[in-house]
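Q: If you use this note's numbering, the sequence shown corresponds to residues 20 to 258, in order. For each residue, glycine too, the CB sits at the ideal point set by N, CA and C. Got a structure here, written out as structure tokens. Questions coming.
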Amino acid sequence: MAIIKAGNLEKCYRTAAEQVYALRGVDFEINSGDFTIINGPSGSGKTTLLNLLSGIDQPSKGELYLDNLPITKFSDSVRTEIRRDKIGLIFQSFELMPVLTAAENIEYPLLLQKIRRAEREKRVTEILDQVGLSQYARRLPAQLSGGQKQRVAIARALVTRPEVVLSDEPTANLDSETGLKIMELMLELNQKYKVAFVIVTHDLSLNQYAKQIYRIKDGCIISKEENQGVQDRLAEYTA
Ligand SMILES: Nc1ncnc2c1ncn2[C@@H]1O[C@H](COP(=O)(O)OP(=O)(O)OP(=O)(O)O)[C@@H](O)[C@H]1O
Ligand SMILES: [Mg+2]
């Protein structure tokens, strides 16, 4: 089932001096359970694309459906609600709230969803365990390593049980070994919760974890391939 469907998406930024075409007619589809990496060099339109998919920004042209909802047709506040309920976001710089503990950061989106306390505690405990941070629940972000902070951010993105997780360069602030462990964890959670992931990055070494690999260049998607290696490895692992 398609979670995201984009048709001929265009984004043109108008500055005082010029018009910048950041996306030039992008078509693509993300299905439930996909683990998709979109690769592209700096300035190719990756962040622009994710901002459209999450409803943070609006396209200049084109169609975009999230879970069959035509999100570009909705107001800012409705898009914010849809984002809160259907999308998890993971950023390069973690974006944790510094005054909240790891557990409180993870709980925060559930408070926004007005989920009752017993359910919140149950979900936070479960997801802390899934990301391997149970013993760090009461630490503040400043007391965690980069990799641990990104695990908190992953837990926060998943605790609301979204349809899709969108992530912009999730490993860029981590050393390469920690970055690859973070990719492993996301792939494991993709399998476990059947939630789709869309990860944009310039780092080709992450492609080994992708089920689908897209390449974006100058605002156009120029290729799509299935990574059969990962699919086979996962089939073996779940058999
Ligand atoms: N708010 C804006 N106003 C004008 N131009 C913009 C704006 N945001 C992005 N751009 C331009 O749009 C193009 C795509 O930018 P985008 O941030 O999507 O690239 P990116 O692939 O995420 O790059 P990076 O890997 O460096 O993060 C670039 O040419 C950029 O300069
Ligand atoms: Mg970017």
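Looking at Lys65 and ligand 2, is the gap between the Cβ and the nearest heavy atom below 7 Å?
A: Taking the first residue of the sequence shown as position 1, residue 65 is located at position 46. The answer is yes for Lys65.
Q: Mapping the DSSP letters down to three states, classify Gln231 as helix, strand or coil.
A: In the sequence shown, the residue the question calls residue 231 occupies position 212. In the structure shown, Gln231 sits in a strand (DSSP, three-state: E or B).
Q: Does the Cβ of Val184 have 16 or more other Cβ atoms within 10 Å, making it buried, or fewer, making it exposed?
A: Along the sequence shown, read from residue 1 onward, the residue named residue 184 stands at position 165. Val184 is buried by the Cβ-count criterion.
Q: Of all the options Lys133, Leu129, Ala121 and Lys92, which has the alpha carbon lying nearest to the alpha carbon of Gln154?
A: Reading the sequence shown from its first residue, position 135 is the one you call residue 154. Checked all of Lys133, Leu129, Ala121 and Lys92; the closest Cα to Gln154 is Ala121.
Q: Excluding the five sequence neighbours on either side, which residues of its own chain have a C-beta within less than 7 Å of the C-beta of Asp8, listed in chain order?
A: The chain is shown only over 20 to 258; residue 8 falls outside these bounds and no answer can be derived.
Q: Are the region 106-120 and the region 153-169 touching by the rule of at least three beta carbon pairs closer than 8 Å?
A: With a cut-off of 8 Å, the region 153-169 and the region 106-120 count as touching, because enough Cβ pairs lie within range.
Q: Report the three-state DSSP secondary structure of Glu29 (helix, strand or coil).
A: On the sequence shown, residue 29 is found 10 positions in, with the first residue counted as 1. In this structure, Glu29 counts as strand in the three-state DSSP scheme.
Q: Hey, would you say the C-beta of Asp86 is under 7 Å away from at least one heavy atom of ligand 2?
A: The count along the sequence shown starts at 1 and reaches residue 86 at position 67. Not under cutoff, so the answer is no.
Q: Measure how close the beta-carbons of Ser79 and Lys30 come, nearest whole angstrom, since I'm counting them as under 8 Å.
A: By 1-based counting over the sequence shown, the position of residue 79 is 60. By 1-based counting over the sequence shown, the position of residue 30 is 11. That pair is a contact at about 5 Å.
Q: Check whether the Cβ of Asp187 sits closer than 7 Å to any heavy atom of ligand 4, and report yes or no.
A: This structure simply doesn't include ligand 4; it includes ligand 1 and ligand 2 instead.
Q: If contact is defined by three or more beta carbon pairs under 8 Å, each pair taking one atom from either stretch, is the region 49-56 in contact with the region 161-175?
A: The region 161-175 is not in contact with the region 49-56.
Q: Of the residues Tyr228, Glu203, Glu126 and Leu152, which one's Cα is nearest the Cα of Arg180?
A: Taking the sequence shown and counting its residues from 1, one reaches residue 180 at position 161. Checked all of Tyr228, Glu203, Glu126 and Leu152; the closest Cα to Arg180 is Glu126.
Q: Whose C-alpha, out of Lys133, Leu83 and Leu69, is nearest the C-alpha of Glu100?
A: The residue given as residue 100 occupies position 81 in the sequence shown. Of the candidates Lys133, Leu83 and Leu69, the one whose C-alpha sits nearest the C-alpha of Glu100 is Lys133.
Q: Going by alpha carbons, who is nearest to Gly44 out of Asp251, Tyr228, Lys236 and Asn246?
A: Start at 1 with the first residue of the sequence shown, and residue 44 comes out as number 25. Of Asp251, Tyr228, Lys236 and Asn246, the residue nearest in Cα terms is Lys236.
Q: Could you tell me the alpha carbon to alpha carbon distance between Leu28 and Leu83, rounded to whole angstroms?
A: As a first step, residue 28 must be located in the sequence shown, where it is residue number 9. As a first step, residue 83 must be located in the sequence shown, where it is residue number 64. One C-alpha to the other measures close to 8 Å.
Q: What residue does the alpha helix (DSSP H) around Tyr212 start on, and which one ends it?
A: As a working mapping, residue 212 is identified with position 193 in the sequence shown. Residues Ser195 to Tyr212.
Q: Taking the Cβ atom as the reference point for each residue, do Gly238 and Leu119 lie within a distance shorter than 8 Å?
A: Start at 1 with the first residue of the sequence shown, and residue 238 comes out as number 219. Start at 1 with the first residue of the sequence shown, and residue 119 comes out as number 100. No. Outside cutoff.
Q: On a CA-only basis, which of Leu223, Glu244, Asn50 and Ala25 is nearest Leu68? Give me that one, please.
A: Within the sequence shown, numbered from 1, the residue matching residue 68 stands at position 49. Ranking the options by Cα distance to Leu68, first place goes to Ala25.
Q: Please report the straight-line C-alpha distance between Leu206 and Thr144, rounded to a whole angstrom.
A: In the sequence shown, the residue the question calls residue 206 occupies position 187. In the sequence shown, the residue the question calls residue 144 occupies position 125. Leu206 and Thr144: Cα-Cα distance of roughly 20 Å.
Q: Going by DSSP in three states, Gln38 sits in which element: helix, strand or coil?
A: Translated into the one-based positions of the sequence shown, residue 38 becomes position 19. Looking at Gln38 - three-state DSSP - the assignment turns out to be strand.
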